[in-house]
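Asker:
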Amino acid sequence: MEYILKNGIVYDPANNIAGEKKDVMFKDGKIVENVSSDAKVLDVADKIVMPAGIDPHAHVAGPKLVVGRLYRPEDSRKGVTSKTDVCRSESGFSIPSCPATGYRYSRMGYGTVTEAAMPPLEAKHTHEEIMAIPNLDITPLPLFGNNWFVLQWAKEGKIDEIAAFISSWLKITKGYGIKIVNPCGTEAWGWGGNVHGIDDPVPYFDVTGREVLRALAQANEILGLPHSIHVHPNDLGHPGNFPTTVNTLDCIKDIEKKSSVRDQTIHLTHAQFHSYAGTSWRDVESGAGEVADYINKNKHVTCDIGQVTLDETTTMTADGPMEFDLHQLNGLKWANKDIELETGSGIVPFIYSGKAPVSSFQWAVGLELFLKINDPWQVCLTTDHPNAGPFIRYPRIISWLMSAERRQEMMDNNEVRVWSYKRTSLGTLDREYDFNEIATITRAAPARIYGYQDRGELTPGFNADIAVYDLNPDTIDPSKEPAAIEKAFGNAMYTIKDGQILVKDGEIVKIVPSRTLWTNVQGFEEQEKAVMEEVMPTFTRYYTVKFENYKVHDHFAPNPLVTTVQAGK
Amino acid sequence: MKTIILTLKKKSQIALEFDELIPDKVFNWDKAVFENYQVPVGNRRFPLTDYFDIEVEGSAEGPEEVKMILDGDFGRVKYIGCKMSAGEIIVNGDADLHCGAEMEGGKITVNGNAESYAGREMRGGELEIKGNTREFCGCSYIGDWRGMSGGKIILHGNAGKQLGECLSGGEIYVKGDCDILAGIHMNKGFIQIDGDVTRWPGGQMKNGNILINGKLGMLLEGLVFDEIVINPEIDGKSFSGKYIKYTGDIAVNGKGGLYLNAEKNREYL
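So the protein lines, in turn, are chains E and F. Residue numbering for the first sequence follows this note's numbering, starting at 5 and increasing by one per position. Residue numbering for the second sequence follows this note's numbering, starting at 368 and increasing by one per position.
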């Protein structure tokens with residue numbers, strides 16, 4: 005089937021197209037240069053056309069989500085809809101049901117989402133949930149930052165073993181890249197503690213976050229994975245944590261990049277939670293200036309923000325000790341889980357309210373980072389869904405980024421408290437994103453950061469993943485009309501995935517099964533074999549599952565999209 | 368003033384749901400609208416006239432001018448008066464789950480028994496139950512930590528388990544007996560129980576007050592003896608008699624008050 009999207013205003017940052025009136029053509033699921041006269045014409049005259057959205061960091065599938073839904077029925081009752089001819093019924097606000105997750109991303113014009121924390125032991129379950137989410141391609145990142153094998157080899161400086169282990173474990177778990185959460189901190193939580201900063205050793209293994217980060221970054225480059233290490237640094241949410249963040253980014257600066265499909269060697273995730281100065285919540289100040297400054301000066305770093313949306317949400321992370329701190333802080337119910345030998349996790353409901361000084365401060369720090377990081381290719385739009393707010397708020401964040409007036413109005417009207425401008429510099433920032441920059445932080449930059457070679461741009465040969473929004477960039481003034489921006493980005497006029505129209509005028513019209521993106525490293529088979537011989541005695545001794553039941557078999561990823569890389573090339 | 372009378376003619380085995388039939392929504396409905404209305408039954412809808420004879424008299428400008436009289440056994444009708452903000456509903460029979468849930472104003476009178484979750488998350492208004500009710504009367508939604516926050520529940524019969532769970536405002540009066548864990552997790556508001564209580568009132572309470580005039584089976588260790596008070600005044604209300612006052616629940620650093628009638632509970636003295 006051939007289609008032509010006619011007369012749209014195209015924003016395609018990867019091809020340096022910023023608001024040009026042109027046609028976009030696709031055939032059999034791919035973007036093409038020409039179509040025949042039989043092509044079906046979709047009239048999108050003067051509407052915004054972009055590649056479909058790519059979310060570089062969210063929590064949408066896996067055991068944390070299930071526990072969250074089980075223990076927050078009061079969240080599930082929000083957002084309930086009846087089934088339609090096309091859709092199943094939806095439920096949930098911060099932790100929507102699997103179908104609702106797919107539908108809501110589709111309605112916003114998104115096509116690809118990263119599941120940013122997959123415990124290898126729970127990988128099977130994560131893939132089962134990915135199967136239950138429609139309309140998206142999902143990129144799971146397995147957790148390695150507190151893995152016993154990694155900690156041991158990092159201590160001994162055995163980088164090649166770590167590389168072989170990663171190579172093998174990406175195959176075993178069908179994962180895409182290396183996620184690191186609070187390196188050494190979650191393992192320390194197994195001993196009832198935490199680590200502070202990157203040079204605080206974890207009990208028993210006696211290895212530091214710095215050593216683990218460097219080892220995993222080196223392993224990542226030995227393998228030449230399409231994504232860099234994806235790091236949630238230590239000390240999340242602690243006032244005075246910005247030096248830890250800068251040290252984390254700096255400690256791997258000298259490691260040489262061995263991949264041509266991306267620019268960075270470290271991706272800092274939910275930077276907002278890691279950019280605080282001060283010593284306590286009484287004297288907390290923004291550290292966004294320092295973190296943004298480091299990112300502006302160092303091209304080996306990319307980040308996403310984790311913008312606070314001022315909603316009641318559910319925090320869930322593999323950073324077990326942080327969740328305990330949060331539970332102590334707000335007194336709400338807490339779930340905690342140890343993932344044997346690998347990681348842990350915690351879940352606590354959280355209310356970010358504009359009436360609370362701390363939430364207002366966090367809201368402002370996120371926006372400050374967006375506005376102070378100069379190169380939009382180094383920053384992505386996320387809410388760390390659902391930690392800082394649900395992903396359905398992306399359109400609202402876009403409206404904030406595009407309107408200094410709206411931000412000022414929120415501060416003036418007391419929609420956020422004085423800490424939003426007394427403890428940060430947000431009140432002094434009048435930068436406004438344009439549509440091209442929005443297209444960069446929601447599409448082109450995440451695609452480049454993940455090394456995707458098939459999406460994120462409207463280049464012939466790429467997947468026909470396209471979003472059309474009912475906005476005319478020539479007539480709308482985003483600075484003055486934030487509500488219109490939010491509405492349009494929340495209800496795509498068309499969401500097209502692999503050439504199939506999934507959303508029309510904000511309504512789901514078609515359901516397609518999800519696909520799983522994972523990385524298959526080749527040329528490392530000998531090393532993998534050797535490392536498995538080393539791993540197996542420990543595995544057999546300490547894991548409560550048999551290795552035969554640990555592996556994610558092919559039927560757990562029925563629609564795989566495999567990125568094959570030649571190790572070190 | 369508008370009077371709407373629904374008289375039961377057939378009782379459904381599967382529960383009907385009445386959250387769309389509240390004064391706020393039906394004040395401008397005439398008889399024809401009711402007769403065309405399809406009521407949710409399980410996962411489907413059926414004509415309201417299959418189950419009830421409908422009479423509508425008078426007219427109303429707003430919900431406050433509506434009086435709904437539900438005649439017959441409404442023991443398989445859920446969500447009666449759910450989310451209503453004004454007007455009056457009288458049930459001349461039993462009511463099923465969630466009667467008066469999330470109510471904001473107006474009045475509901477149940478002349479029979481009400482099932483569990485009566486007055487769940489009430490924010491205002493008055494719910495009077497002449498018979499008994501069961502578990503989670505005046506409680507929160509499952510999983511939530513924010514319960515009933517306003518209004519008044521008057522229960523002439525007995526209450527079940529976890530009465531006023533997570534109560535954060537409003538008043539609950541029980542003339543009969545009460546089962547375990549009344550006022551669990553409560554942090555504000557007032558519960559008065561005139562009958563006997565099996566055990567453990569005020570578990571994990573942070574604040575608010577519970578007054579028990581009947582006999583208490585077993586007290587929780589987290590509530591510690593404070594003083595003997597005579598004719599106490601609680602939340603601006605005066606009570607006559609001698610009460611043993613406990614404070615707790617110390618397990619959660621709570622500052623709540625539990626007043627126990629001294630005459631009926633001499634073994635606690």
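C-beta: ideal position from N, C-alpha, C; glycine also. Note that this is a predicted model, so its numbers are computed, not measured.
For F/Ile509, return the contacting residues in chain E, with the cut-off set at a CB-CB distance below 8 Å.
Answerer: Residues of chain E passing the Cβ test: Pro77, Glu78.
Asker: Please indicate yes or no: does the CB of E/Glu372 lie closer than 7 Å to some heavy atom of the ligand SAM?
Answerer: Here there are no bound small molecules, and the ligand SAM is not part of this structure.
Asker: As an exercise, report each continuous alpha helix (DSSP H) stretch of at least 4 residues that is fully enclosed by the region 504-538 of chain E, in chain order.
Answerer: Listed in chain order, nothing qualifies, since the region 504-538 of chain E has no complete alpha helix (DSSP H) run of 4 or more residues.
Asker: Looking at the C-beta of E/Leu462, does it have a partner C-beta in chain F at a distance below 8 Å?
Answerer: No, no contact with chain F.
Asker: Taking just the CA atoms, how far does E/Val516 sit from E/Asn563?
Answerer: So the alpha carbons of these two residues sit roughly 11 Å apart.
Asker: Counting contacts by CB-CB distance shorter than 8 Å, is E/Arg81 in contact with chain A?
Answerer: Among the protein chains in the structure shown, which are E and F, there is no chain A.
Asker: Considering just the uninterrupted stretch of the beta strand (DSSP E) at E/Ser80, what are its terminal residues?
Answerer: Counting along the chain, E/Ser80 falls outside any beta strand (DSSP E), though it belongs to the alpha helix (DSSP H) covering 77-80.
Asker: Beta carbons nearer than 7 Å to chain E: which residues of the region 510-529 of chain F have them?
Answerer: Residues Gly510, Asp511, Trp512.
Asker: Kindly list the residues whose CB is nearer than 7 Å to the CB of F/Asp386, restricted to its own chain and excluding five residues on each side of it in sequence; keep chain order.
Answerer: Correct list, in chain order: Tyr446, Cys449, Lys450.
Asker: Can you pull the chain F residues whose beta carbon is under 7 Å from the beta carbon of E/Leu336, in chain order?
Answerer: Per Cβ cutoff of 7 Å: Trp512.
Asker: Quick one, are the C-beta atoms of E/Ala392 and E/Leu147 less than 8 Å apart?
Answerer: Contact: no.
Asker: Taking the Cβ atom as the reference point for each residue, do E/Asp59 and E/Thr105 lie within a distance shorter than 8 Å?
Answerer: Against a cut-off of 8 Å, the Cβ pair of E/Thr105 and E/Asp59 comes out as no contact.
Asker: Using a Cβ-Cβ cut-off of 6 Å (strictly less than) and excluding sequence neighbours within five positions of E/Leu565, which residues of its own chain qualify?
Answerer: Correct list, in chain order: Arg519, Leu521.
Asker: Out of E/Ile256, E/Trp195, E/Val206, which one is the CA nearest neighbour of E/Asn224?
Answerer: If we check each option's Cα against that of E/Asn224, E/Ile256 comes out closest.
Asker: How is F/Leu388 classed by DSSP in three states: helix, strand or coil?
Answerer: DSSP places F/Leu388 in coil when its eight states are reduced to three.
Asker: E/Leu330: which of E/Gly350, E/Leu314, E/Asp342, E/Gly115 sits nearest, CA to CA?
Answerer: Of the listed residues, the one whose Cα sits closest to E/Leu330 is E/Gly350.
Asker: Taking just the CA atoms, how far does E/Lys26 sit from E/Asp2?
Answerer: No statement about residue 2 of chain E is possible, as the shown extent of chain E runs from 5 to 573 and does not include it.
Asker: Using a 10 Å radius around the Cβ and a threshold of 16 neighbouring Cβ atoms, would you call E/Gly465 buried or exposed?
Answerer: Exposed, by the Cβ-count rule.
Asker: According to the neighbour-count rule (16 or more other Cβ atoms, all chains shown, within 10 Å of its Cβ), is E/Arg286 buried or exposed?
Answerer: E/Arg286 should be labelled exposed.
Asker: Report yes if the C-beta distance between F/Asp391 and F/Ser452 is below 8 Å; otherwise report no.
Answerer: Going by C-beta atoms, F/Asp391 is nearer than 8 Å to F/Ser452.
Asker: Taking the alpha-carbon positions, what's the E/Ala253 to E/Gly57 distance?
Answerer: The identity of residue 253 of chain E in the sequence shown is Leu, whereas the question assumes Ala. Computed Cα separation, rounded: 27 Å.
Asker: Among F/Asp420, F/Gly442, F/Gln380, which residue has its Cα nearest to the Cα of F/Met458?
Answerer: It should be noted that the sequence gives Val, not Met, for residue 458 of chain F. The shortest C-alpha separation from F/Val458 is found at F/Gly442.
Asker: If you draw a straight line from the C-alpha of E/Lys68 to the C-alpha of F/Ala462, how long is it?
Answerer: Their Cα atoms are separated by approximately 38 Å.
Asker: Using 8 Å as the cut-off, can you tell me whether the region 578-594 of chain F makes contact with the region 617-633 of chain F, which would need three or more C-beta pairs spanning the two stretches below that distance?
Answerer: Cβ pair count under 8 Å is three or more, so yes.
Asker: Are there 16 or more other CB atoms within 10 angstroms of the CB of E/Phe277, so buried, or fewer, so exposed?
Answerer: When all chains shown are included, E/Phe277 counts as buried.
Asker: Can you tell me which of E/Pro17, E/Val539, E/Asp297, E/Gly358 puts its alpha carbon nearest to the alpha carbon of E/Lys550?
Answerer: The candidate whose alpha carbon is nearest that of E/Lys550 is E/Val539.
Asker: Pick from F/Leu494, F/Glu532, F/Glu402, F/Ala468: whose alpha carbon is nearest that of F/Gly556?
Answerer: The shortest Cα separation from F/Gly556 among F/Leu494, F/Glu532, F/Glu402, F/Ala468 belongs to F/Glu532.
Asker: Near F/Arg501, what residues of its chain come up, given a Cβ to Cβ distance below 7 Å and the 5 sequence neighbours on each side ignored?
Answerer: Only Glu482, Ser483, Gly527 meet the Cβ criterion.
Asker: Please work out which residues of its chain come closer than 7 Å, Cβ to Cβ, to E/Pro17, disregarding the five sequence neighbours upstream and downstream, and give them in chain order.
Answerer: Counting only Cβ-Cβ distances below 7 Å, and skipping sequence neighbours, we find Asn440, Ala443, Thr444, Ala448.
Asker: Can you list, in chain order, the residues of its chain whose CB lies under 7 Å from that of F/Val619, leaving out five sequence neighbours each side?
Answerer: Closer than 7 Å at the Cβ level, and outside the excluded window around F/Val619, lie Gln571, Lys573.
Asker: Does the region 231-245 of chain E come close enough to the region 189-201 of chain E that 3 or more CB-CB pairs lie under 8 Å?
Answerer: In short, these stretches touch, since the Cβ pair count reaches three.
Asker: Taking all protein chains shown into account, decide if E/Val507 is buried (16 or more other Cβ within 10 angstroms of its Cβ) or exposed.
Answerer: The residue in question, E/Val507, is buried, as its Cβ has 16 or more Cβ neighbours within 10 Å.
Asker: Which residue's Cα is closest to the Cα of F/Gly603: F/Lys622, F/Gly575, F/Gly615?
Answerer: Taking only the C-alpha atoms, the option nearest F/Gly603 is F/Gly575.
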